[in-house]
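Chemist:
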Amino acid sequence: MSGDIELASYPGLDARIRVLRLGTVVDAVFVRTERFDVLVDTLDTPETCRAALDLVGAGGDRPLIVVNSHMDWDHFWGNAAVADRSVIVAHAGASERFRNGSVHEVLARKASTDPRFATVELCAPTVTFLDRLSLEGGDLTLELLHTPGHAPDHVAVWIPQLRTCLAVDAVERPIPKVWSDDPADLRALVGSLRLIESLGARHVVLAHGQTDAPSTVGRNLRYFETLSERVGRLDRRLTVEENGELPAGLTLADTVENLPNLSADARRFYERFHRANLRATVRAIGEGAA
Ligand SMILES: [Zn+2]
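For the sequence shown, this note's numbering begins at 1116 and goes up steadily by one.
In C-alpha cells form, the structure reads like this:
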C-alpha cells in the first residue's frame, strides 16, 4: 500500500503546498516555507510516511516540523518515520488520547487482520498546545487551530498568506463524523465548522474527499442544521439503529446536498457517519441543547 502514495494538487493551490495522497484512504499535506518544511500528518505507516517524504524531497539540511492533526490511525501511525529527526506537534488532547490506551487497542486490532500494520510502532507527539500555535516560516505562517468535534484533539491549519485552510477531518465530503453522541461534541464540531467558515479561505483542503472547495464547509454546516431542524420536528423520539430504516427526510441522501457518487464501501462508511451524527442530534434535541 505504501507504494500507492502519490502527489496531488488543486487548480490555483500554491506550489509550496503539496498534497500527499494515499489512494482513497487519506491525504496528508506538505508545506515548504523559507525556514522549514512542515508535514501535516504522517499517514498510516512509517513506510508510507517515508515514501511520502521522498516524493517531496524532504530531508537533507532542511528542518522538518511534523504536525499530527489528531490521533486517528490514518493520520499519525507514520510518526516513527520522523520521530528521530523532527518535533511532532499536536493538541494537548492528543497526548491524552495516546496515554489512555485506545489508540494502542486500535493498532492491536488492525495489526491482527492486516500484516501491513504488524510492524507499526506508535510514537507520541513531542510538543503540545491548547488553543492556537503559530509556526513562523518567514514567507508563510502556519496557524494551528484547535478545532474539536470530530475528535477532541483535532487541529486544523490556517495559512493566512495563501488564504488556505488545511481542514483535515473537521470538514469532510460528503459529511464529517462527530466524536460521540454527547451533545457537547456536536456543538464543538459545528463550532469548528463555523470557525473555519469565518476564515474566508480560498482553498479548504480536506484529508478525505479529495477537494479544496470552500463550499464544502457551508454544505457540512447546512447538513447539521438540516438534521437538527428535521429531528426537532419529529413528534416522537427517534431511535437510530445501525441497520434500521430511517424516517423519510432523514436518510443520508435526504440530508446531504449534492451527495457525490459513492462506491458501495464508501456508501456504507458514510452511512455509519450519518447515523452517528443523527444519534448525537437526537440526544442534543432531547436535552434541549441543539
Ligand atoms: Zn481521517
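For glycine and all other residues, C-beta sits at the position ideal for the given N, C-alpha and C.
Between Ala1271 and His1261, what straight-line distance do the alpha-carbon atoms span, to the nearest angstrom?
Modeler: Residue numbering aside, residue 1271 sits at position 156 when the sequence shown is read from its first letter. Residue numbering aside, residue 1261 sits at position 146 when the sequence shown is read from its first letter. Answer to the nearest angstrom: the Cα atoms are 7 Å apart.
Chemist: What residue from Asp1156, Ser1295, Pro1298 has the CA that sits closest to Ser1184's CA?
Modeler: Sequence index remark: in the sequence shown, residue 1184 carries index 69 (1-based). Nearest option by C-alpha distance: Asp1156.
Chemist: So Val1397 is in the alpha helix (DSSP H); what residue range does that whole segment cover?
Modeler: To locate residue 1397, count along the sequence shown from 1; it is residue 282. 1379 to 1401 is the span of the alpha helix (DSSP H), which, as asked, contains Val1397.
Chemist: Over what stretch of residues does the alpha helix (DSSP H) that includes Ile1311 continue unbroken?
Modeler: Counting from 1 along the sequence shown, the entry for residue 1311 is found at position 196. That run of the alpha helix (DSSP H) goes 1298 to 1313.
Chemist: I'd like to confirm the pairing. Which residues does DSSP put opposite Arg1247 in its beta bridges?
Modeler: Position 132 of the sequence shown holds residue 1247. Arg1247 pairs with Leu1260.
Chemist: Take Arg1177 and list the residues in its own chain whose beta-carbon comes closer than 6 Å to its own, dropping the five residues that flank it on each side.
Modeler: Mapped onto the sequence shown, residue 1177 falls at position 62. Once the five neighbours on either side are set aside, the close Cβ partners of Arg1177 are Asp1152.
Chemist: In this structure, what does DSSP give as the bridge partners for Ala1271?
Modeler: Translated into the one-based positions of the sequence shown, residue 1271 becomes position 156. Answer is Leu1260.
Chemist: Using 8 Å as the cut-off, can you tell me whether the stretch 1205 to 1216 makes contact with the stretch 1301 to 1321, which would need three or more C-beta pairs spanning the two stretches below that distance?
Modeler: no
Chemist: May I have the straight-line CA-CA distance separating Arg1212 from Arg1398, to the nearest angstrom?
Modeler: As a position in the sequence shown, residue 1212 is number 97, starting the count at 1. As a position in the sequence shown, residue 1398 is number 283, starting the count at 1. If you draw a straight line from the Cα of Arg1212 to the Cα of Arg1398, it comes to about 24 Å.
Chemist: Just how far apart, CA to CA, sit Leu1170 and Ile1311?
Modeler: Residue mapping note: residue 1170 aligns to position 55 of the sequence shown, counting from 1. Residue mapping note: residue 1311 aligns to position 196 of the sequence shown, counting from 1. Using only the alpha carbons, I get a separation of about 29 Å.
Chemist: Tell me the DSSP secondary structure of Val1283 in three-state form.
Modeler: On the sequence shown, position 168 is the one that residue 1283 refers to. In the structure shown, Val1283 sits in a strand (DSSP, three-state: E or B).
Chemist: Which residues are close to ligand 1, meaning CB closer than 6 Å to any heavy atom, in chain order?
Modeler: Val1141, Asp1187, Asp1189, His1190, Asp1284, Ala1322, His1323
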